[in-house]
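A.B. asks: Take a look at this one; I'll ask things after.
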């Protein structure tokens, strides 16, 4: 298994509070991604990073920010959590930009905003 | 506006028979296609992929077919086994966007 760890694995938070999810990798892969999985929508890309301090927006980036100060860590922050952000969040890593290479996923973080 | 569509949310097949999972895409700029499998409470795992310059790729019991003119992708599993029961996601990669775009998934159930 690829060395990728998400924390926390489960979190319940109140509307309006900030939340940070962490993704840690031990593979030294350049690319890191944050996805959310919702019924009927599959996996949707929130943000991704192609290097330290290099990030870009995905399909559903509103309400989220990311930071990558080290190769191994990619943080996802919900500045002010809303109920629509209740979801399962997956981090993924890949050696290159996805073409001809697979992305490895973490086990997910189940976030509930009440 | 879903660029990758899996129109069947679920599929049930008998053990030993063929499972065929389908995927349609709209973006002609996609140049690489992948299938992922996901078990409950786990992250998705890579299964098989195909480049847009090919029309077939095979790996053991799994074969992916690509029909570019129809913008259609399919995954064949032969023979199906109960352990194949999972959610299957197709994904498409666009080099210009550097992003993997996923379909909504198909729940495959293989009945013993």
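Residue numbers (this note's numbering), protein chains in the order written: chain A, 1 to 114; chain B, 1001 to 1112.
A virtual CB, placed ideally from N, CA and C, is assigned to each residue, including glycine.
Note that the structure is a prediction, hence the values are computed from the model and not measured.
1. So, helix, strand or coil for residue 1084(B), using DSSP?
2. Would you say residue 76(A) reaches chain B, if we count a Cβ-Cβ gap shorter than 7 angstroms as a contact?
3. Just the Cα atoms here: how many angstroms apart are residue 1045(B) and residue 73(A)?
4. Along chain B, in chain order, which residues have C-beta atoms closer than 7 angstroms to that of residue 25(A)?
5. Along chain B, which residues have their Cβ under 7 angstroms away from the Cβ of residue 47(A)?
6. Out of 52(A), 90(A), 23(A), which one is the CA nearest neighbour of residue 68(A)?
7. Going by C-alpha to C-alpha distance, which of 1062(B), 1090(B), 1086(B), 1066(B) sits closest to residue 1053(B)?
8. Between which residues of its own chain and residue 1093(B) is the CB-CB distance below 6 angstroms, once the five residues before and five after are set aside?
9. Closest Cβ-Cβ distance between residue 1079(B) and chain A: below 7 angstroms?
10. Under 8 angstroms Cβ to Cβ from residue 1112(B), same chain only, skipping five residues before and after it: list those, please.
11. Which same chain residues end up closer than 6 angstroms to residue 32(A) when comparing Cβ atoms and leaving out the 5 residues on each side of it in sequence?
12. Does residue 85(A) come out as helix, strand or coil in the three-state DSSP assignment?
13. Can you have a look at residue 36(A) and say buried or exposed, based on whether 16 or more other CB atoms are within 10 angstroms of its CB?
14. Assuming residue 86(A) contacts residue 109(A) (C-beta within less than 8 angstroms), just tell me the rounded distance between them.
15. Within 7 angstroms (strictly less), CB to CB, does residue 1103(B) reach chain A?
16. What does residue 1077(B) pair with, by DSSP beta-bridge criteria?
17. Can you round the beta-carbon distance between residue 29(A) and residue 95(A) to whole angstroms, since I take them to be within the 8 angstroms contact cut?
18. Using three-state DSSP, classify residue 17(A) as helix, strand or coil.
19. Can you say whether residue 47(A) is buried or exposed, counting buried as having 16 or more other CB atoms within 10 angstroms of its CB?
20. Quick one: which chain B residues come within Cβ less than 7 angstroms of residue 21(A)?
21. Among residues of its own chain, excluding the 5 on either side of residue 88(A), which ones have a beta-carbon nearer than 6 angstroms to its beta-carbon?
22. Determine whether the Cβ of residue 3(A) lies closer than 7 angstroms to any Cβ atom of chain B.
23. For residue 1012(B), which option in 1103(B), 1084(B), 1051(B) has the closest C-alpha, if you only look at C-alpha atoms?
C.D. replies: Looking at the coordinates:
1. helix
2. False, the Cβ-Cβ gap to chain B never drops below 7 angstroms.
3. Distance between the alpha carbons of residue 1045(B) and residue 73(A) is about 21 angstroms.
4. Within 7 angstroms Cβ-Cβ: nothing; residue 25(A) doesn't reach chain B, min ~13 angstroms.
5. Going along chain B, no residue has its Cβ under 7 angstroms from residue 47(A), so there is no contact; the nearest lies around 11 angstroms.
6. 52(A)
7. 1066(B)
8. Excluding residues within five positions, the ones whose Cβ falls inside 6 angstroms are 1032, 1100.
9. no
10. 1015, 1082
11. 49, 74, 93
12. helix
13. Label assigned to residue 36(A): buried.
14. Going by Cβ atoms, the distance from residue 86(A) to residue 109(A) rounds to 12 angstroms, so no, they are not a contact pair.
15. yes
16. 1019(B), 1062(B)
17. The pair is a contact, with the Cβ atoms about 5 angstroms apart (cut-off 8 angstroms).
18. coil
19. buried
20. Correct list: empty, because the minimum Cβ distance to chain B is about 14 angstroms.
21. 37, 108, 110
22. no
23. Ranked by how close their Cα comes to the Cα of residue 1012(B), the residues 1103(B), 1084(B), 1051(B) have 1084(B) in first place.
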